[in-house]
Amino acid sequence: MFANHRHFLHDNQDWSGAINQLRRHAPEKKIVVEADTPKEAIAALRAQPDVLQLDKFSPQQATEIAQIAPSLAPHCTLALTGGINLTTLKNYLDCGIRLFITSAPYYATPADIKVSLQPAASI
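Numbering (UniProt numbering), first residue to last: 1 to 123.
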């Protein structure tokens with residue numbers, strides 16, 4: 001559930017209500033939400049999502065959220081997204097978050113990948 005999805009809710013700041021509704025309608029699915037600010041991240045964590053994506057957070061902001069997340073939502077996995085690439089990744093490695101989401105491969109020069117298949121040798 002991203003900000004553009006929350007715009008369709010009656011109360012787009014009701015994180016708990018939205019997450020509870022998603023759990024009722026799709027109990028087999030993991031609930032992934034995205035926060036654009038530290039304030040949204042804290043509100044989202046209080047609602048207990050399965051995964052919280054922090055979009056375009058600075059390394060300092062990411063560290064602060066990573067430190068408080070275990071007390072607010074111990075089972076929530078934190079992910080960083082937005083501006084994550086090989087150049088910026090090093091700035092986030094010590095923030096306490098281990099899941100990084102990047103769209104950099106979509107914009108990279110195409111790779112020439114070759115696959116060779118051969119039958120296994122007889123035993």
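Glycine residues also receive a C-beta, built at the ideal position from the N, C-alpha and C atoms.
Nearest candidate by alpha-carbon position, reference residue i, set the options
i	options	result
A79	E40, I42, V32, T87	V32
A104	A69, A26, T81	T81
A73	N12, A41, R24, N4	A41
D55	F100, H25, W15, A108	F100
K29	L45, Y107, D50, N12	D50
A3	R24, A26, A44, I113	A44
Q48	T77, N91, R6, P110	T77
Start and end residues, alpha helix (DSSP H) containing residue i
i	result
T63	59-72
I101	Per DSSP, I101 belongs to no alpha helix (DSSP H); it is in the beta strand (DSSP E), 99-101.
A104	104-107
Simplified DSSP state of residue i, which is helix, strand or coil
i	result
L93	coil
Q13	coil
L22	helix
I113	coil
A45	In the sequence under discussion, the amino acid at residue 45 is Leu, which differs from the Ala named in the question. Here L45 sits in helix by DSSP.
N- and C-terminal bounds of the beta strand (DSSP E) containing residue i
i	result
A35	32-35
L78	77-81
D55	51-55
Per-residue burial, residue i [other beta carbons within 10 Å of its own, 16 or more giving buried]
i	result
I68	exposed
L52	buried
A35	buried
L86	exposed
L89	exposed
I113	exposed
* Can at least three beta-carbon pairs, one atom from the region 95-102 and one from the region 53-64, be found at a separation below 8 Å? -> Taking 8 Å as the limit for Cβ pairs, the verdict is that the region 53-64 does touch the region 95-102.
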